Structure formats: structure tokens, C-alpha cells
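>
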Amino acid sequence: MTITGSTTEPNKDPFSSDKRLDPDALGAEPDAGADGTAEAAVVSEDGDPVPDEAADEAAVEQEEAEAPQPEGPEFGSPEWQRYWRIALDQAIVRINEMLAHQLAEIMAHRRFRQLESLWIGANQVVDVTMGRADVEVELLCISKEDLMEDFDEYPDPSDSGLFYHLYKTEYDQAGGKPFTAILTHYEFSHKAFDLRLMKMLSMVAASCHCPTIGNAGATLFGLRNIRNLEEIKDFELHFGSQEYVKWQSLRENEDSRYLGMALPRMLIQKKRRRLPPLYCRHYALRDSMKTWIPASYGFGMILIRSFIRHGWCIYIRGPRTGGLIGEIVPSEIGGKGMPIREIPLEVSLSDHNEHEISNQGFIPFVYYKDWERICLFSAPSLQRPDRRDGGQATFDRIAASMAYLFLVCRLAHFTKVIQRENIGTTKEAPELEKEINRWLKGLITKMPNPEVELRSLYPLRDGLVKVSEDPSNPGFYRAKLVVQPHLQLEGVNAELTLISKMPREKEQ
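Residue 449 in UniProt numbering sits at position 449 of the sequence shown, with consecutive numbering throughout.
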């Protein structure tokens, strides 16, 4: 780099003796131009000027400083307050939008929706109780994996924590309140893990006379989505394949009558009145306003209502006899002038499919279109009844029905109380048998086809109790209860005959 205006020559000392510097010139200013400014420029080796960035920035700052500044509102004036009020409102709106977006992301997450389904379904069950003191709902928070780990820890299911909670603390405890049913949030399949868990649950349920209701997932039918259930044309052939050998083995177990598999899930329309419209808008955009509760909770609602009205969990089927769920209503998804009702079920089953599925041991809910409500027509247990013709096959089919199973379980609870009250007495087996039969006769009516109100007081057509000594346990008795309930209409098979007259061709 060189500086213009210098007299320095190449290879020559600028401070040589022939070119002495004036001491007075050391502090002199460089030559000024006509306008009095210094003419010192930086150029490259090619002679092109190089811009001075620092000088340019200083010039820009000077211009900005010299530019006229707009006068703002005076501090504390009405204009100043209005300006800051608008600025704060805009900031609050922006914060609310960010919070609404984050809240929508959380509420649309899979784990949150599962938790929401659990608690909303439990709330539906609790609301049906209407605060009745004789109906209690107890919540037990445990996953399938933790429950299976509890069973694996002890070789005998009677040593498990679930058995202790259901049997030892209530059913086998003086003054205890036995459980009527277990409503699970689980979805079961035909895989080995679920089959083992269902077998353990059936053993505990049979010991406590407490049926367990689960949910049939899409994987149980070999489907990815339960909405594709109509793809299965023949359910008997489908479940008779090699893949369901262990599943059929579970159904043939005696304790499997204490298991019930309900389907499909039910749609609950949530009311979020406390949320601002901004939150609801973000939430609705994610299609998360819909919450599907398990079908087992719907079955529990029917059980509770039957107990409140009749004192027995018998009337749980049919639109006129307790099988209708009035709390779950369809929602309108159509526009004005064209109302469209959205069925509050994950899949709509025809009468044929409902009958075929119930024959496989499932509890299917259907949509009753005329009344626009969910209805239950069949409530079989998972146990597979004998399909052979004859009286025994009919008895097995009736015994595998949940309606009659809950009746027998309730009678077993009462019998347990009578036996416990006689502990310490000197009553022999015949005397104890006479006392139980006397109590049982109070539940029997010989009247043919009694009304529903009369059946609520006398649910049995006939019954008998046999008490005998237990040879393996001195001082203990065995009680065998045989009852005949009033049968309910299971279905109607119609045979039509068509007779028509056809004209005979006239002879020519």
C-alpha cells in the first residue's frame, strides 16, 4: 500500500540528508482542498479507491441524528395510554394464541386422549348412580402389564393382590360388601399375553362370583380397524381357524363364563363451556372433540340402572327392558336444512352381524335408529356353550348368559352372608339347609308370565339348596344352589309360507 503525495523513490531512504524534514511540519495538518476538508484517500495497488466503512457508518449515524424525529405522545397522556393499551392487547392475543396451540397439541396427543377416555368414561358410570348410597364405584388404577406381573409373582391366583382386594377384604370379610362386577378399560386380543391374563382374571372372578367385563379390540378379529368388521363374512369360520385354537380353548374353560367381551367403543360429545372460544377452535381443528369410551363402561351403566330400578342386574337387554343407554346421544354433523346424525358407535352392526358376533361370545352394542340410542340385545359370556341339540345344550346356553349369571352371583353373595351369620352355632346341615330354602322361597313365584314389577320382587320360578358336610374340612358345609329364573325372550325365528295361484294355460 502506498500513500499518494509522497516524494519517496524506490530504494531510497526518505530520511536521507538531502531531504531534511522541517520540525515544524511534523505537527502540520495535511493539505486541505478548496472546501477545507482533508484529501486523503485509500486506494488499492491497481489505483482503485477503497471505501472507508467506518467513515460511512459515521456519516449514516450523523444523518440519522440530524434527521427530524417525530414527536410521540407525552408520558401519561390519553394518547400514550391508548397506544400502550393497544400494544398490550396485541401481546396478550399473541400469548393466548401460543398457549392455545400448545394446549391443542397436548390434548390431541395419544396418551392424553387415552387418559381422557378413561376418566370421562368413569364419570359416565358414576353419574348413572345418581348418588345412591347402595351403589358404590371403586377405581383401581393398574395397567395390564402390572396386573400380569402381580399374577406372575404368585403361582396361585388366590395369593395375588387382586384376589386379596376382591375376596379377602370384602367377600370373605364379615360385614364386607362383595363386588358385583369388574369393568376394565383393557382391550384384549387373542395373543398369548392377553389369553394368560384373561384366564387369571376368570379364576379370580369365579372365586368372588364377580364377572369381569373387558373390551374386544380390532386385533382380536385380525383387523387394523374395528370399522372393517364387515369384511368378515363368516364369523364361525373365522374363529374356527388354526389361529384361534388357544382362544377357543379359553372359551371352553368353565371359569370363562365369568368373562365378557364388549364392543364397539362409544362416542361421547364433551362440553367444554369453561374454555375460551380460541382454545375450542384450536382443539376442534385437530378433530379431538370426540372421545371414545370403552364398551365395558356402557355395559356398567346398564348394570347400575337395572340394580337401581329392580334390585337385580337382570334387565340389561332390549330397548324396553333396560338395554337402552339414554345418556349417550348422537351428534348432528350436517348443515342447516340437512341434519345428519352421527352414530355414537365406532362401527354400526346389522342384525345379522350382531347375532353372529354374539354367538362367538361377544357383547355387541347396536344403534337403535328409531329411538336414536345405543341398545344391547345380547349379553353372552365368553364361555362357549354346547352346540349339540338337547336339553343340556339349552341349559348351558342359559347358564352362559350374563343376565342369569349376575342373578346367580347375587344369590351366592346372600348365601355367603347366611352361612357367615351361622358360624359358631350348633346347627346341623339339615337345619341350615331348611333356613336357606326358607329364604330362597321368598324369591320364588309360580305365577306364569309375571309382569316386570313382580319379577323384580320374585326373580325365580323355582329353586332349591342342598347343604352337606365337607369331608375334607370338618366343621364346614357345602352348599349347592340350583335355581330356575324366569326366562326372557331371546329371539324369534319366523317361518313364512307363500301360497300363490298361477293360471293354467288354456287348452286349444
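Positions of the beta carbon are idealized from the N, C-alpha and C atoms, including for glycine.
Bear in mind the structure is a predicted one, so any value in this text is a computation, not a measurement.
1. Expressed to the nearest angstrom, what Euclidean distance is found between the alpha-carbon atoms of L237 and I357?
2. If you measure between the beta carbons of V128 and P264, is that distance less than 9 angstroms?
3. With a 10 Å radius around its C-beta and 16 neighbouring C-beta atoms as the bar for buried, classify D470 as buried or exposed.
4. Okay, do the segment 87-106 and the segment 141-158 touch, 3+ Cβ pairs below 8 angstroms being the bar?
5. Sort E327, N253 and S249 by Cα distance to M130 and report the nearest one.
6. Cα separation between E63 and I92?
7. Note down, in chain order, each residue of its chain lying with its Cβ closer than 6 angstroms to the Cβ of R455, except the 5 sequence neighbours on either side.
8. Looking at residue 510: is its Cβ nearer than 9 angstroms to the Cβ of F406?
9. Exposed or buried, which one is N240 when buried takes at least 16 other CB atoms within 10 Å?
10. Thinking C-alpha only, which one of R373, V452, T291 and R420 is nearest T321?
11. So, with DSSP's three-state summary, where would you put W292?
12. Measuring CA to CA, which of Q383, V482, Y297 and Q124 is closest to L259?
13. If we ignore side chains and look at the alpha-carbon of each, how far apart do P330 and L460 end up?
14. Look up V93 in the DSSP assignment and say whether it is helix, strand or coil.
15. Ends of the alpha helix (DSSP H) at S456?
16. May I have the straight-line CA-CA distance separating Q419 from F163, to the nearest angstrom?
17. Taking DSSP as the reference, what is the three-state secondary structure of F163?
18. Does the separation of the CB atoms of D152 and K199 fall below 9 angstroms?
19. Going by DSSP, what residue range makes up the beta strand (DSSP E) through Y367?
20. List the endpoints of the continuous beta strand (DSSP E) containing T212.
21. What is the DSSP secondary structure of H352, reduced to helix, strand or coil?
22. Following the continuous alpha helix (DSSP H) through L263, name the residue where it begins and the one where it ends.
23. Identify every residue that forms a DSSP beta bridge with V467.
24. Let me confirm a value: H209 is counted as buried when at least 16 other C-beta atoms fall within 10 Å, else exposed. Which label applies?
25. Does DSSP put T415 in a helix, a strand or coil?
26. Between the segment 171-191 and the segment 217-235, can you find at least three pairs of beta-carbon atoms closer than 8 angstroms?
27. Using 8 angstroms for Cβ pairs, my map puts I363 next to F299. What's the rounded Cβ distance?
28. For A58, count the other beta carbons within 10 Å of its own beta carbon; 16 or more makes it buried, fewer makes it exposed. Which is it?
29. Note down the Cα distance separating V483 from Y458, rounded to an integer number of angstroms.
30. In angstroms with no decimal places, state the Cα-to-Cα distance between K177 and I304.
31. Quick check on M198: does DSSP put it in helix, strand or coil?
32. Just curious, the beta strand (DSSP E) that F151 is in, first and last residue?
33. Suppose you measure from the CA of N353 to the CA of R113; what does that come to, to the nearest Å?
34. Under DSSP, the alpha helix (DSSP H) around E116 begins and ends at which residues?
35. Take I293 and list the residues in its own chain whose beta-carbon comes closer than 7 angstroms to its own, dropping the five residues that flank it on each side.
36. Answer with buried or exposed for A40, where buried requires no fewer than 16 other C-beta atoms within 10 angstroms of its C-beta.
The relevant details are as follows:
1. 12 angstroms
2. no
3. The residue is exposed, with fewer than 16 neighbouring Cβ atoms inside 10 Å.
4. no
5. Nearest neighbour of M130 by Cα position, chosen from E327, N253 and S249, turns out to be E327.
6. Taking the straight line from one Cα to the other gives about 37 angstroms.
7. H486
8. Lying before the first or after the last residue shown, residue 510 is absent from the chain, which here runs from 1 to 508.
9. A small correction: the amino acid at residue 240 is Gly; Asn does not occupy that position in the sequence shown. With fewer than 16 Cβ atoms within 10 Å of its Cβ, G240 is classed as exposed.
10. V452
11. Correct three-state label for W292: strand.
12. Q383
13. 37 angstroms
14. Residue state, collapsed to three classes: helix.
15. V452 to L457
16. Each residue's alpha carbon lies about 21 angstroms from the other.
17. helix
18. D152 places its beta carbon 9 angstroms or farther from that of K199.
19. F362 to Y368
20. T212 to A216
21. helix
22. First-last for L263: L259 to L263, but that is the beta strand (DSSP E), not the alpha helix (DSSP H).
23. The partner list for V467 (beta bridge, DSSP) reads A479.
24. buried
25. Helix at T415.
26. yes
27. 6 angstroms
28. exposed
29. 12 angstroms
30. 16 angstroms
31. Looking at M198 - three-state DSSP - the assignment turns out to be helix.
32. Note, F151: premise wrong, no beta strand (DSSP E); alpha helix (DSSP H) at K144 to E153.
33. 29 angstroms
34. R110 to T129
35. S117, I120, G121, Q124, R265, M266 and I268
36. Note that A40 scores 46 on pLDDT, short of 50, meaning its location in the model is unreliable; the coordinates nonetheless yield the value given after this. When all chains shown are included, A40 counts as exposed.
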